[in-house]
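Chains as they are written, first to last, in my numbering: chain Z, 127 to 249; chain U, 127 to 249.
Using N, Cα and C, we set each Cβ at its ideal position, and we do this for glycine too.
As structure tokens, the structure follows; a few thoughts come after it.
2 protein chains.
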Amino acid sequence: MTKNAEMIMNIINASYDHLTAEQIYFQLKNETVKISMATVYNSLSYLCENGLVRKVPMDGFADRYDRVKRHDHLVCKRCGKLMDISLRDMTASLQKEVKVPILSYDLKISCICDECSKEERRN
Amino acid sequence: MTKNAEMIMNIINASYDHLTAEQIYFQLKNETVKISMATVYNSLSYLCENGLVRKVPMDGFADRYDRVKRHDHLVCKRCGKLMDISLRDMTASLQKEVKVPILSYDLKISCICDECSKEERRN
DNA sequence: TGTTAAATTTAGAATTATTCTAAATCAAAT
DNA sequence: ATTTGATTTAGAATAATTCTAAATTTAACA
């Protein structure tokens, strides 16, 4: 693992936001680290492939990167906000229904977040 | 609903594949329908917004479009193949865990499909 | 230490799915 | 027939990501 990849992993693990590649790039720039977008992407690929960070594809928006500790996501259909939610691990019960071995699963629950639903009531 | 949107909805409902916008476009072309990609995208947006078809974002690949009848998906991590699977509807039990109203959810189970796992054994 | 080789990083071009734009066509209603 | 509005269109624009080939850094060891 390169020094850059390690720094990026640390940023992701220290953040409670779900950062995009670009946000990670600018955070490093702020810390006056000399790095390019290509290296950010290279490092993120390496980290994902090795199960050290989790990529969260965002349907129309830039991918976000997340810590690996198992949890699920709530996505606001209005503003796109991504929120963590900890439901119990369903791997075992899903495996009963699926013949091939399950590697992981991704559960995204679609909702309207509090802010957006206030906004809607206002209009 | 325009005639084009209706044709596109019918194609999606008649297909057991998960078609991309481009595949839909070429299928219409084959049936000698005069249509452009822009219209395919316009129609698909309309159909999605009105809950008549379901968009399945594909992490790195073109979005696929699917019938709306509730079901879940199995995705091969190796080749990207998308397969249908019918698990019971979890909305009610998820709703107990989530404060805001759940609009829908998207469950993607990641696996290595039979072909790919044969392939792997061969190598 | 100096030299070579390998790994990593880089800038910028390329790619690709999708959206946007503004004109053209079509449909419908008076 | 004429105007109005909706729909469709070609092609340009966008934006995230990947690719490429050169440059730089690191490591190995003569």
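Which residue wins for smallest C-alpha separation from residue i, given the options the options?
i, options, result
"Glu223/U", "Thr217/Z, Asn139/Z, Leu213/Z", "Leu213/Z"
"Ala164/U", "Ile138/U, Ile134/U, Ser219/U, Asp232/U", "Ile134/U"
"Asp198/U", "Pro183/U, Met216/U, Lys234/U, Leu229/U", "Lys234/U"
"Lys244/Z", "Leu200/U, Ile137/U, Val226/U", "Val226/U"
"Leu229/Z", "Thr217/Z, Asp240/Z, Cys239/Z", "Thr217/Z"
"Asp215/U", "Leu220/Z, Asp215/Z, Arg248/Z", "Leu220/Z"
"Cys237/U", "Leu154/U, Tyr231/U, Leu200/U", "Leu200/U"
"Ser169/Z", "Thr128/Z, Gly186/Z, Asn156/Z", "Thr128/Z"
Excluding the 5 residues preceding and the 5 following residue i in the sequence, name in chain order all residues of the same chain whose CB lies nearer than 6 Å to its CB.
i, result
"Tyr172/Z", "Ala131"
"Cys174/Z", "Lys181"
Where does residue i fall in DSSP's three states?
i, result
"Ile238/U", "coil"
"Lys181/Z", "strand"
"Ser230/U", "strand"
"Arg248/U", "helix"
"Thr217/Z", "helix"
"Thr165/Z", "helix"
What residues in its chain sit with their C-beta under 8 Å from that of residue i, if we drop five residues either side in the sequence?
i, result
"Gln149/U", "Asp143"
"Tyr167/U", "Ala147"
Bridge partners of residue i, per DSSP?
i, result
"Val201/Z", "Leu208/Z, Ser236/Z"
"Asp192/Z", "Arg180/Z"
"Thr146/U", "Arg190/U"
So, at 7 Å on beta carbons, what are the nonlocal neighbours of residue i in its own chain, with the 5 sequence-adjacent residues on each side left out?
i, result
"Gln153/U", "Ile137"
"Asp210/U", "His197, His199"
The ligand MN and residue i: does any heavy atom of the ligand fall closer than 7 Å to the residue's C-beta?
i, result
"Asp189/Z", "Judged by which ligands are present, the structure shown has none, so any question about the ligand MN falls away."
Touching by the beta-carbon criterion (3+ pairs, under 8 Å), the region 189–200 of chain Z and the region 136–146 of chain Z: yes
Counting pairs of beta carbons, one from the region 168–184 of chain U and one from the region 192–211 of chain U, are three or more of them closer than 8 Å? yes
Hey, is the region 159–179 of chain U in contact with the region 202–220 of chain U, meaning 3+ C-beta pairs nearer than 8 Å? no
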